[in-house]
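Each step along the sequence shown adds one to the number in our numbering, with nothing skipped, and position 104 is 110. Beta carbons: idealized from backbone N, C-alpha and C, even for Gly.
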Amino acid sequence: MVSFDYDVDVAHRKNQPKFCGMIPDDNGARGRSFFLMTAISALHNISRSVGCAMMMTGDRTLFVWLIGGELTVHFIVKIVRGEYLCFFRVEGPPGYLMSFIWHLMTKVIGDFSGVWL
């Protein structure tokens with residue numbers, strides 16, 4: 007939905023006409039685009055949740071490896087990019103622990119609900 011807001015903003019369209027323009031100028035077409043973007047996001051979240059539920063019924067160990075692998079890759083990318091420590095004003099081990107909990111919660115909530123914190 008962020009791309010929708012960015013794309014329909016007049017200032018962005020004037021500054022970057024070749025980049026913006028995915029959403030049409032017509033209000034009816036904009037509404038259709040917004041509905042389709044929402045539907046695609048909902049279907050993605052549903053398919054992910056159903057897929058994980060099916061995997062848990064078949065092989066719980068494989069499910070744990072899948073989620074653990076995704077989280078491991080997520081944390082490695084955060085560390086490599088220098089984005090691991092969050093906005094908390096805590097340094098040292100408590101800061102790393104709070105950042106770990108924050109990243110874990112936002113990753114799981116974002117992956118299974120579509121809400122990006």
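Where S105 and L49 are concerned, what is the direct C-alpha to C-alpha distance, given to the nearest angstrom? 30 Å
Residue interval of the alpha helix (DSSP H) (run including I82): 66-86
Are D15 and R54 close, meaning C-beta to C-beta below 9 Å? no
List the endpoints of the continuous alpha helix (DSSP H) containing K24. Neither: K24 is in no alpha helix (DSSP H) and is coded neither H nor E.
So F10 and M43 are supposed to be a Cβ contact under 8 Å. How far apart are they, rounded? 6 Å
Among E76, T67, W108, S47, which has the Cα closest to the Cα of S119? S47
Applying the criterion that 16 or more other CB atoms from any shown protein chain within 10 Å of the CB defines a buried residue, is I85 buried or exposed? exposed
For L110, does the three-state DSSP call read helix, strand or coil? helix
Closer than 7 Å by C-beta to Q22: which residues in its own chain qualify, once you throw out the five before and the five after it? Chain order, please. none
Quick one: is I29 buried, meaning 16 or more other Cβ sit within 10 Å of its Cβ, or exposed? buried
Is the beta carbon of G88 closer than 9 Å to that of F94? no
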